[in-house]
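**Q** Last residue of the sequence shown: 235 in this note's numbering, with the numbers rising by one and none dropped. In this text, a Cβ means the ideal position worked out from N, Cα and C, and glycines have one as well.
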Amino acid sequence: MDGKMLEMAQVFKIPFRRRLRFIYIPEVIPFYQAAATLSNAMSFKAGIAAEIIGLPQGSIGERLYEAKIYLNTPELFAWTIVIIVLSIVFNRAFSAFINYVMNKLEGK
Numbered sequence: 128m129d130g131k132m133l134e135m136a137q138v139f140k141i142p143f144r145r146r147l148r149f150i151y152i153p154e155v156i157p158f159y160q161a162a163a164t165l166s167n168a169m170s171f172k173a174g175i176a177a178e179i180i181g182l183p184q185g186s187i188g189e190r191l192y193e194a195k196i197y198l199n200t201p202e203l204f205a206w207t208i209v210i211i212v213l214s215i216v217f218n219r220a221f222s223a224f225i226n227y228v229m230n231k232l233e234g235k
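1. Could you work out which residue in R148, S170, I179 and F221 is closest to K231 when comparing CA atoms only?
2. Check whether the Cβ atoms of A163 and I225 sit closer than 8 Å, and answer yes or no.
3. Please determine, among L191, M229, V138 and A220, the residue with the shortest C-alpha to C-alpha distance to R167.
4. Would you call R190 buried or exposed, if buried means 16 or more other Cβ atoms sit within 10 Å of its Cβ?
5. In the DSSP assignment, find the alpha helix (DSSP H) that holds Q137 and state where it starts and stops.
6. Kindly indicate which residue of P153, F139, R144 and P142 has the alpha-carbon position closest to the one of M128.
7. Within 10 Å of its beta-carbon, does L234 have 16 or more other beta-carbons around it, so buried, or fewer, so exposed?
8. With a threshold of 16 other CB atoms inside 10 Å of the CB of G185, please say whether the residue is buried or exposed.
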């Protein structure tokens, strides 16, 4: 936090709601965005890994596992590419959503 901004808020007796909206939230937003994006990407990959272990019917993890077991290299690469593309698409969509929400919170 910028000490001068906090001091200014204290000197001018800015209410807590305004301090929260205009000082605290803008300082925290970049860290929150980075953490949310990273956790989203990791959870997607962890979900695929759980599908490989649990093998639910009709899942991407099941298809990837079967391609590996039967040594079907082209299908294995195809499912790997599908996973990578889906991960990128979901990560960008989630990042856009987070940016939208954060811009609304900042009042932009």
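**A** Taking the geometry as given:
1. Distance check between K231 and each of R148, S170, I179 and F221 places R148 closest, using alpha-carbon atoms only.
2. A contact, by the Cβ cut-off of 8 Å.
3. Note that residue 167 is Asn in the sequence shown, not Arg. That would be A220, whose Cα lies nearest to the Cα of N167.
4. Buried, because 16 or more other Cβ atoms sit within 10 Å of the Cβ of R190.
5. G130 to V138 is the span of the alpha helix (DSSP H), which, as asked, contains Q137.
6. Of the listed residues, the one whose Cα sits closest to M128 is P153.
7. With the sequence shown as reference, residue 234 is identified as Gly, and Leu is not the correct amino acid for it. It counts as exposed.
8. Its Cβ having fewer than 16 others within 10 Å, G185 is exposed.
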